[in-house]
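Chains as they are written, first to last, in our numbering: chain A, 164 to 562; chain B, 164 to 562. By construction, the Cβ of each residue, glycine as well, lies at the ideal position given by its N, Cα and C atoms. Bear in mind the structure is a predicted one, so any value in this text is a computation, not a measurement. What follows is one structure encoded as structure tokens, with my remarks underneath.
Here is the structure:
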């Protein structure tokens, strides 16, 4: 274990630091990591970002198997990181624990809900960090903080011992500053890839590019050319002829139904205090029209079949992880909501599809990071991580 | 809604019956169903089979989306059914609520953990019933009670609003007396199949047949011949050259790790009363050696790749669902444990593999039912249900 960390960016939850040594030898030896505070560590409370959650739930009796696997691979735990309350938000704000600083753009939000994990990695406090991603909670903070992040195929990594938000969307993801570390963690946590063969062709998701502001498109242009050198000239595809806003709407309705099914009993029984935005989202989840949720479930089914057909041969989608860089800390709630809706039309692609997505820190807009996402068929996570490492090498990013 | 049910077999949980009308029209119109009491129904407690669970958890604020989907498809809910405590057992015993009668073999256990759902279907109280299957909890009671049952591909049906036991094994399954009803429920709940093409060749899992007692093999011989008429001569394969007991051992260790990660905090904080067997299983889960769990996780990874390779072309495994019929109600704990271990070497195939498995009520041993299982690659659930319906037709089973 190294010296005590100076948490210069407010990435860790308040209180005594939760640290654990890993095994003496293993594939992650020498790497320090942090875990979002919705994964259990035995003997410690799991706050889930909300004071009333910690108060009304017993401390963890067990350590989540995914955390256990990292310790057994010889990584060492440096602490538990802040999360948006109940993981239900994208800016990374937490009024109870304090919003972590975005080390790459201190005047902007860090992104969430895995805000503390992203900030800890971006500030160099740890080599990698576990987050979770339901609707963008790893991909967006990775894009905003200028680091690598992966949302794996849905179901690829066990969420036992982790608090849920929308079980049919929830995934265990992680961040790293270096592409090789992102892949090394994947080698420990991920199943073998389903099906083999090289990835390709490259598919440029036109609608997701049109959804991004021009400055983001400009910032990602050169990396796309390099990616085309690796995979061949991109073919243009439309992911959602019905509109990305339709994707977002269906995602929102199914997620809301699942969020209330998962957490509603606790919310109703506890009447917890919530910070701004979170309260409104749970109120909307409670009031969700069951017919809309049913329509969303039906849409998801056809969308998954469509994506499977598109990506079956090894196709790789590429598009901006987020259409814009992180909102400024003084952005109005209306501005934040506008960014949220525009962003989630894109994050809903992998969310609804159950697809793996890796975000690479390739560009800057107004001095703030924006990421490029690579997306493949479910079960191709390892190949995707290998491709990300190749692209990072070509681009001169940290490998 | 039909007239009040006479619960002649003790299938439903004690107390007022939880009944809900479905939509006025839909694909399941006219069908009554029941749900295992680990799925939430808004406004009602979820007992999870244990009095201390119901006491220490708030009533459900929401209805589980899978139950909602059945109601929206116009099925009507007739009640919540008994489960083994925390779904952690295979005989179907529940000392708090009373063990349901096995309608097909009243001197024997109904099988569990979805005991009440199986008994309700076998007694004709409902047309179908939701259960859940982690290590055999749908397949075994289906086999014991002489009805159809499916454990879907892992992850195919959302478990939002359902209590978990081992998240990376847990599935939402269901029972029916008629093969067509089993498939109609699947058409409502399941995603489109991944990949197309007809199922086949037929693969006879030799080790699972050798594991069964001779009387079971004899009882299933004729159905296997009929299956060969449909799919061609069976090819013989060994699923587990390392031994089915090795499969069971790895399954047991990973499941135990996940069970303690999922429920350990509640067990430690509540110190609940447990019936025989359940207490011991949680004590074992708490004491599970992390190195054994890690070995189990590694084994599962290679086993999944092996099964995927074996079944990729459409292959269908066939073997006895349970090696023996249901144990007698007066079987000693030692006899029950012996049956459990012998059974779970076989149920671990689909459990570790994440594979869909349908059990058909094709045979009898000493007057008690035994099922034949069909197993395919993940994502081929609908094709598997269609095959089961064809086979049922050929065999003169209820379609």
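Presumed contact (8 Å Cβ cut-off) between residue i and residue j, rounded CB distance
| i | j | result |
| --- | --- | --- |
| residue 489 (chain B) | residue 274 (chain B) | 6 Å |
| residue 486 (chain A) | residue 374 (chain A) | 5 Å |
| residue 483 (chain B) | residue 535 (chain B) | 7 Å |
| residue 390 (chain B) | residue 554 (chain B) | 6 Å |
| residue 478 (chain B) | residue 364 (chain B) | 6 Å |
| residue 529 (chain B) | residue 342 (chain B) | Not really, about 25 Å apart at Cβ, beyond 8 Å. |
C-alpha distance - residue i paired with residue j, whole-angstrom precision
| i | j | result |
| --- | --- | --- |
| residue 420 (chain B) | residue 497 (chain A) | 45 Å |
| residue 289 (chain B) | residue 196 (chain B) | 5 Å |
| residue 356 (chain A) | residue 531 (chain B) | 43 Å |
| residue 346 (chain B) | residue 190 (chain B) | 11 Å |
| residue 305 (chain A) | residue 262 (chain A) | 16 Å |
| residue 294 (chain B) | residue 301 (chain B) | 6 Å |
| residue 408 (chain B) | residue 470 (chain B) | 17 Å |
| residue 146 (chain B) | residue 429 (chain B) | No answer is possible for residue 146 (chain B): it lies beyond the span of chain B, which begins at 164 and ends at 562. |
| residue 225 (chain B) | residue 324 (chain B) | 7 Å |
| residue 383 (chain B) | residue 358 (chain B) | 30 Å |
| residue 280 (chain B) | residue 206 (chain B) | 21 Å |
| residue 509 (chain B) | residue 188 (chain B) | 40 Å |
| residue 499 (chain A) | residue 444 (chain A) | 14 Å |
| residue 336 (chain B) | residue 427 (chain A) | 24 Å |
| residue 339 (chain A) | residue 264 (chain A) | 17 Å |
| residue 318 (chain A) | residue 228 (chain A) | 14 Å |
| residue 313 (chain B) | residue 392 (chain A) | 48 Å |
| residue 381 (chain B) | residue 237 (chain B) | 41 Å |
| residue 326 (chain B) | residue 235 (chain A) | 28 Å |
| residue 250 (chain B) | residue 441 (chain B) | 9 Å |
Contacts around residue i, its chain only, beta-carbon distance under 7 Å, and the 5 residues preceding and following it disregarded
| i | result |
| --- | --- |
| residue 491 (chain A) | 270 and 271 |
| residue 266 (chain A) | 172, 282, 285, 286 and 308 |
| residue 210 (chain A) | 176, 200, 216 and 217 |
| residue 164 (chain A) | Because the pLDDT at residue 164 (chain A) is just 42, under 50, the model does not fix this residue reliably, and the point stays unresolved. |
| residue 475 (chain A) | 540 |
| residue 219 (chain B) | 433 |
| residue 417 (chain A) | 456, 459, 460 and 463 |
| residue 517 (chain B) | 316, 317, 467 and 541 |
| residue 352 (chain A) | 229, 232 and 320 |
Cutoff 6 Å; reference residue i; Cβ partners in own chain excluding five residues on either side
| i | result |
| --- | --- |
| residue 422 (chain A) | 328, 329 and 448 |
| residue 208 (chain A) | 217 and 222 |
| residue 480 (chain B) | 366, 368 and 538 |
| residue 402 (chain A) | 368, 370 and 512 |
| residue 246 (chain B) | 199, 200, 201, 212 and 276 |
| residue 556 (chain B) | 562 |
| residue 514 (chain B) | 298, 332 and 414 |
| residue 473 (chain B) | none |
| residue 230 (chain B) | 198 and 202 |
Per-residue burial, residue i [other beta carbons within 10 Å of its own, 16 or more giving buried]
| i | result |
| --- | --- |
| residue 203 (chain A) | buried |
| residue 436 (chain B) | exposed |
| residue 213 (chain B) | buried |
| residue 333 (chain A) | buried |
| residue 388 (chain A) | exposed |
| residue 412 (chain A) | buried |
| residue 256 (chain B) | buried |
| residue 379 (chain A) | buried |
| residue 277 (chain B) | buried |
| residue 193 (chain A) | exposed |
| residue 315 (chain A) | buried |
| residue 396 (chain A) | exposed |
| residue 241 (chain A) | buried |
| residue 450 (chain A) | exposed |
| residue 547 (chain A) | buried |
| residue 533 (chain A) | buried |
| residue 170 (chain A) | buried |
| residue 349 (chain A) | buried |
Residue i CB to nearest heavy atom of the ligand PLP below 7 Å
| i | result |
| --- | --- |
| residue 497 (chain B) | The model depicted lacks the ligand PLP and carries no ligand whatsoever. |
Residues near residue i in its chain [Cβ-Cβ closer than 8 Å; skip 5 each side]
| i | result |
| --- | --- |
| residue 439 (chain A) | 256, 258 and 496 |
Ignoring anything shorter than 4 residues, give me the alpha helix (DSSP H) runs that lie fully in the segment 180–263 of chain B, in order along the chain. 214–219 and 228–235
Which ranges does the beta strand (DSSP E) cover as unbroken runs of at least 3 residues, wholly within the segment 470–551 of chain A, from first to last along the chain? 479–483, 520–528 and 531–538
Any chance you could list the alpha helix (DSSP H) runs of at least 4 consecutive residues sitting entirely within the segment 278–339 of chain A, in chain order? Counting only runs of 4 or more, we get 278–285 and 302–308.
Ignoring anything shorter than 4 residues, give me the alpha helix (DSSP H) runs that lie fully in the segment 410–457 of chain A, in order along the chain. 441–449
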